[in-house]
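Trainee:
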């Protein structure tokens, strides 16, 4: 197993520039690889796609749906009662029908209100300060991976930190033919804290 130092860079060009810099510092081209990592949820590990059997952003939807059903049914019942006052013979039918429609609409509205928004999803998975749920999740983007030896490990860490590379991590992996052969995007990264000294 090889020791690998890796981190997220903004673009392929930035990765190429860093690899050129590391080569000028004495690292071999075959000890570096740049590749794209899909964002969380887009690794297709399940037959129907996705990475997990449940989306953490939807964990509160059942509560929102239940409260939406209650509110919608009450509003529908009230609307049905008002309509029934205009047409008395249809009052029971209208009240039940409107309560059903209200409950259905309320369940949809309640579930959507309790679902994480697109902005919240982005904050969790793509920003430089992910929330606690995403801290151990490898975020998507261009990744630069470098196979290191004890003699040059700190040089690589320092170079990546100086270049403001995000989510720098240390891993043990199978390095074959110039690449991280057993890279698993679903494995939590072992991040290296800023100002690390190995």
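Numbering (this note's numbering), first residue to last: 1 to 198.
Every residue gets a Cβ at the ideal spot worked out from N, C-alpha and C, and that includes glycine.
Note that the structure is a prediction, hence the values are computed from the model and not measured.
1) With a threshold of 6 angstroms on Cβ separation, who are the neighbours of residue 38 within its own chain once the five nearest residues in sequence on each side are excluded?
2) How far does the alpha helix (DSSP H) with residue 69 in it extend, from its first residue to its last?
3) Tell me the rounded alpha-carbon separation between residue 19 and residue 187.
4) Can you tell me whether residue 137 is buried or exposed? The criterion is at least 16 other CB atoms within 10 Å of its CB, across all chains shown.
5) I'd like to know if residue 98 contacts chain C, where contact means its C-beta is closer than 8 angstroms to some C-beta of that chain.
6) Leaving out five residues on either side along the sequence, give the residues of the same chain with a beta carbon under 6 angstroms from the beta carbon of residue 160.
7) For residue 153, which of helix, strand or coil comes out of DSSP?
8) Would you report the Cα separation of residue 16 and residue 32, rounded to the nearest angstrom?
9) By Cβ distance below 6 angstroms, which residues in the same chain neighbour residue 91 in space, the five residues on each side in sequence not counted?
10) Could you please give me the residues that DSSP links to residue 147 through a beta bridge?
11) Quick check on the DSSP output: the beta strand (DSSP E) that includes residue 171 runs from which residue to which?
12) Taking only the alpha-carbon atoms, compute the straight-line gap between residue 74 and residue 98 and give it to the nearest angstrom.
13) Rounded to the nearest angstrom, what separates residue 10 and residue 145 at their Cα positions?
14) Can you tell me the Cβ-Cβ gap for residue 68 and residue 106, rounded? I've got them flagged as a contact below 8 angstroms.
15) So residue 23 is in the alpha helix (DSSP H); what residue range does that whole segment cover?
16) What would DSSP say about residue 108, mapped onto helix, strand or coil?
17) Between which residues of its own chain and residue 3 is the CB-CB distance below 6 angstroms, once the five residues before and five after are set aside?
18) Within 10 Å of its beta-carbon, does residue 210 have 16 or more other beta-carbons around it, so buried, or fewer, so exposed?
Mentor: Taking the geometry as given:
1) Result list for residue 38: 140, in chain order.
2) Residue range 61 to 86 is occupied by the alpha helix (DSSP H) that includes residue 69.
3) If I take the Cα positions, the gap works out to 24 angstroms.
4) Buried is the call here.
5) Considering every chain present, this structure includes no chain C. It has just one protein chain.
6) The residues are 7 and 168.
7) helix
8) 10 angstroms
9) Correct list, in chain order: 84.
10) 4
11) 166 to 173
12) 9 angstroms
13) 14 angstroms
14) 4 angstroms
15) 12 to 24
16) helix
17) Counting only Cβ-Cβ distances below 6 angstroms, and skipping sequence neighbours, we find 148.
18) Missing from the structure shown is residue 210; the chain here goes from 1 to 198 and no further.
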